[in-house]
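Trainee: Sending over a structure as structure tokens; questions will come in a sec.
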Ligand code: MSP
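Numbering (the numbering used here), first residue to last: 390 to 1051.
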């Protein structure tokens, strides 16, 4: 907690653990992470909560299917979700699991408050229950769930009811007094008409479910998953002692539109019943669609985030999701649009502008960015200066209203104008023309300052790439620690760093092919999504990671003879965008030239490998590594505790290419 700073608390929904994340879930989390980063840069003390929703029949059934206890099942799934958020650069401050003890205590405490205040009573309920949505639905026996279309089950059980009906008036009054409570407007109207239509009491415990938080003294009752899950928002910031941390009430609960009712009706009613403050805003975003349908596991149309991150980088995914969809509305996902955006906006847009400006500084200003203009600014320079100010204002306004695509539009407009400005002022001519060197310095100064602003403003959405550009610009501080405000002083003379393409251009068909094939690999082996990459295996490429036979197990000569190893010569070697550890090699094996991927990128410079003779397993079945075809395996020793690969070679003699190793 930072004293003196205003506090800001925002939450993602907590995710069900009976499946793994797809980019629909990723969208909710990335949006929250962006808001969190932005608010930090506006001087707020921010807490962002995310986590996993681990109870209920679905988990009970999935664990049974996997033949493991529920606790083991959810622990593994929660770790997967957490690992993914880390890979995506998401900075959650609290990761709450509904199986945490502190959470169970909060749920039990909240129930007691509601009960002590007279809003809970025992009863029985018979109804049609949708197991997938964890909700009773208003249909006849034999009919399917109106929300997800799955079959419903008739359930009769003893339970405790929450007097939701008592909150119709208080809720309507609350909505009227707080017109911004539910966003966007369309969702607010939907909730208003639902509540105006009358509220029925809600069963908040179950006796037909075992895997849940027990209701103290009322076993076998366990809490209804939504009573349990919603309370996670409170447990994350102190539970019964929430006042100590000072983050409750939450500023924003960010949710998908299908769960608005739970958040805008049930949750405020539970809190009112317990006498607790209500969150300030519930913001419902739209769905990510694939082939015009909501992306979801049951429809089988999901896209996983990892292949995209491996091929294009996490910033590309973050950019695409926030740029392409108007926040609050549904948006379509397509690999084609993703790669098009990557090449046009990131590689040609931000990446190109940065390398253009920095290269001129390197070539003509001994690598030192000018700290002030050298000649008086003319109308063209002034235009950029005005636009910089305007862009900061507009972008912040858009961020404040969660208009992410418009925030990005404003930043990209500034960059497009700077590009145009460079074309018009022609600094490469100014630098050589007699008497215009001062003007050249002013041009570069103006472009550099504008680039600085674009990078700072884009940081909440592109945290990794902007930090890299920032370093190349010669800046040392962490971008996330900077405050966004209108009147930044000019940057002092900075020594620019090594210029490297942050978004290398990528061939569309190849990128899509790689992402799609990785997607297929993940679907085949969902539990191995975090398996070590080939670089950590003793041999490189091909089936390198296959388990070695147990030490005592011997093989006969005939087994060894099955492995065909030959001398190969490396013809070309290049890095693979999005796969830090792999090199793509072409290797002459005497009879043909093969493409082989090797996990040696962190230890061997590609240029230095050309011409080198290596030992190659040539009769391995081809496979794809990070979506790139690999047809063979290069042999290397794994040295030291980290298994550093050292290529096997032939230093004594100039061996013939294609010679067999026996
Ligand atoms: N566990 C509940 C939430 C409890 S919050 C107290 C839940 N979990 S979920 O895993 O099904 O969904 C979590 C979030 O992911 C929701 O906000 C949901 O809208 C979002 N998405 C899941 N699929 C989505 C898309 N295809 N598109 C956008 N977001 C979607 O509901």
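Just so you know, even glycine gets a beta-carbon here, dropped at the ideal spot from N, CA and C. What you are looking at is a predicted structure, and each value in this text was computed from that prediction instead of being measured.
#1: To the nearest angstrom, how far is it from the Cα of residue 448 to the Cα of residue 601?
#2: Taking contact to mean at least 3 C-beta pairs separated by less than 8 Å, is the stretch 632–646 in contact with the stretch 535–542?
#3: Does the beta-carbon of residue 677, which I'm using as the reference point, lie nearer than 8 Å to any heavy atom of the ligand MSP?
#4: For residue 1004 and residue 900, what's the separation of their Cα atoms in angstroms?
#5: Specify whether the stretch 962–971 and the stretch 692–704 touch according to this definition: at least 3 beta carbon pairs, one from each stretch, less than 8 Å apart.
#6: If you follow the beta strand (DSSP E) that residue 1034 is part of, which residue opens it and which one closes it?
#7: Mark residue 949 as exposed unless 16 or more other C-beta atoms lie within 10 angstroms of its C-beta, in which case mark it buried.
#8: With DSSP as the reference, identify every bridge partner of residue 808, one or two as the case may be.
#9: Taking the straight line between their C-alpha atoms, what separation do you get for residue 684 and residue 690?
#10: For the pair the stretch 711–723 and the stretch 794–811, tell me if three or more CB-CB distances fall below 8 Å.
#11: So that I know if they touch, is there some Cβ in chain C lying closer than 9 Å to that of residue 897?
#12: Please check the pair residue 445 and residue 523, which I expect to be a contact at CB under 8 Å, by giving their CB distance rounded to whole angstroms.
#13: Quick one: what does DSSP say residue 1092 is sitting in, helix, strand or coil?
#14: Among 435, 414, 681, which residue has its Cα nearest to the Cα of residue 398?
#15: Measure the alpha-carbon distance for residue 407 versus residue 1019 and round it to whole angstroms.
#16: Grab me the residues of residue 1050's own chain with a C-beta within less than 8 Å of its C-beta, minus the 5 sequence neighbours each way, in chain order.
#17: Hey, would you say residue 593 sits closer than 9 Å to residue 622, going by beta carbons?
#18: Buried or exposed for residue 687, please, with buried defined as at least 16 other CB atoms from any protein chain shown within 10 angstroms of its CB.
#19: I want to know whether the stretch 647–659 touches the stretch 423–434 - three or more CB-CB distances under 8 Å.
#20: Is residue 492 near the ligand MSP, going by C-beta to nearest heavy atom under 8 Å?
#21: On the DSSP bridge list, what partners appear for residue 358?
#22: Identify which residue in 885, 424, 752, 476 has its Cα closest to the Cα of residue 642.
#23: Could you spell out the range, first to last residue, of the alpha helix (DSSP H) harbouring residue 500?
#24: Just the C-alpha distance for residue 610 and residue 565, rounded to the nearest angstrom, thanks.
#25: With distances taken between CB atoms, is the gap from residue 716 to residue 655 smaller than 9 Å?
#26: According to the Cβ coordinates, are residue 788 and residue 427 closer than 9 Å?
#27: According to DSSP, is residue 466 part of a helix, a strand, or is it coil?
#28: Is any heavy atom of the ligand MSP found at a distance shorter than 8 Å from the C-beta of residue 791?
#29: So the candidates are 485, 671, 625; which of them puts its Cα closest to the Cα of residue 569?
#30: So, with DSSP's three-state summary, where would you put residue 678?
#31: Buried or exposed: where does residue 1008 fall if 16 or more other Cβ atoms within 10 Å of its Cβ makes it buried?
#32: Excluding the five sequence neighbours on either side, which residues of its own chain have a C-beta within less than 7 Å of the C-beta of residue 864, listed in chain order?
Mentor: Here's the rundown:
#1: Looking up residue 448 in the chain shown gives position 59. Looking up residue 601 in the chain shown gives position 212. Answer to the nearest angstrom: the Cα atoms are 10 Å apart.
#2: Flag = no, the stretch 632–646 and the stretch 535–542 do not touch.
#3: Residue numbering aside, residue 677 sits at position 288 when the chain shown is read from its first letter. At least one heavy atom of the ligand MSP is nearer than 8 Å to the Cβ of residue 677, so yes.
#4: Mapped onto the chain shown, residue 1004 falls at position 615. Mapped onto the chain shown, residue 900 falls at position 511. The straight-line gap from Cα to Cα measures roughly 30 Å.
#5: Inter-segment contact for the stretch 962–971 and the stretch 692–704 is present: three or more beta-carbon pairs are separated by less than 8 Å.
#6: Taking the first residue of the chain shown as position 1, residue 1034 is located at position 645. From DSSP, the beta strand (DSSP E) with residue 1034 extends over 1033–1036.
#7: One-based indexing of the chain shown puts residue 949 at position 560. Exposed: under 16 other Cβ atoms inside 10 Å.
#8: In the chain shown, residue 808 corresponds to position 419, counting from 1. For residue 808, which the question treats as bridged, DSSP gives no partner whatsoever.
#9: Your numbering for residue 684 matches position 295 in the chain shown. Your numbering for residue 690 matches position 301 in the chain shown. Between residue 684 and residue 690, the C-alpha separation is close to 6 Å.
#10: Under the 8 Å Cβ criterion, the stretch 711–723 counts as touching the stretch 794–811, having at least three qualifying pairs.
#11: Looking at the structure shown, chain C is missing, and only one protein chain is on hand.
#12: To locate residue 445, count along the chain shown from 1; it is residue 56. To locate residue 523, count along the chain shown from 1; it is residue 134. With a Cβ gap of about 5 Å, residue 445 and residue 523 count as contacting.
#13: Nothing about residue 1092 can be reported from this structure: the residues present for the chain run from 390 to 1051 only.
#14: On the chain shown, residue 398 is found 9 positions in, with the first residue counted as 1. Nearest option by C-alpha distance: 435.
#15: Sequence index remark: in the chain shown, residue 407 carries index 18 (1-based). Sequence index remark: in the chain shown, residue 1019 carries index 630 (1-based). Answer to the nearest angstrom: the Cα atoms are 34 Å apart.
#16: Here the question's residue 1050 lines up with position 661 in the chain shown. Result list for residue 1050: 954, 955, 956, 1004, in chain order.
#17: Along the chain shown, one-based indexing puts residue 593 at 204. Along the chain shown, one-based indexing puts residue 622 at 233. Taking 9 Å as the Cβ cut-off, residue 593 and residue 622 do not qualify as a contacting pair.
#18: As a working note, residue 687 is residue 298 in the chain shown. Taking every protein chain shown into account, the CB of residue 687 has fewer than 16 other CB atoms within 10 angstroms, so this residue is exposed.
#19: No: fewer than three Cβ pairs fall under 8 Å.
#20: Counting from 1 along the chain shown, the entry for residue 492 is found at position 103. Incorrect: residue 492 has no Cβ contact closer than 8 Å to the ligand MSP.
#21: The structure shown does not extend to residue 358, since the chain spans only 390 to 1051, so no value can be given for it.
#22: Your numbering for residue 642 matches position 253 in the chain shown. If we check each option's Cα against that of residue 642, 424 comes out closest.
#23: Taking the chain shown and counting its residues from 1, the one referred to as residue 500 is at position 111. Counting along the chain, the alpha helix (DSSP H) containing residue 500 begins and ends at 490–505.
#24: Stepping through the chain shown from its first residue, residue 610 is reached at position 221. Stepping through the chain shown from its first residue, residue 565 is reached at position 176. Taking the Cα positions, residue 610 is about 36 Å away from residue 565.
#25: Taking the first residue of the chain shown as position 1, residue 716 is located at position 327. Taking the first residue of the chain shown as position 1, residue 655 is located at position 266. Between residue 716 and residue 655, the C-beta spacing is not below 9 Å.
#26: On the chain shown, position 399 is the one that residue 788 refers to. On the chain shown, position 38 is the one that residue 427 refers to. Between residue 788 and residue 427, the gap from beta carbon to beta carbon is short of 9 Å.
#27: Locating residue 466 in the chain shown gives position 77, where the first residue counts as 1. Correct three-state label for residue 466: helix.
#28: Here residue 791 refers to the residue found at position 402 of the chain shown. No - the ligand MSP has no heavy atom lying nearer than 8 Å to the Cβ of residue 791.
#29: Stepping through the chain shown from its first residue, residue 569 is reached at position 180. Closest option to residue 569, Cα to Cα, is 671.
#30: Walking along the chain shown from the start, residue 678 turns up at place 289. It is a strand residue.
#31: Mapped onto the chain shown, residue 1008 falls at position 619. The residue is exposed, with fewer than 16 neighbouring Cβ atoms inside 10 Å.
#32: Position 475 of the chain shown holds residue 864. Excluding five sequence positions before and after residue 864, the CB atoms of its chain that fall closer than 7 Å to its own CB belong to 883, given in chain order.
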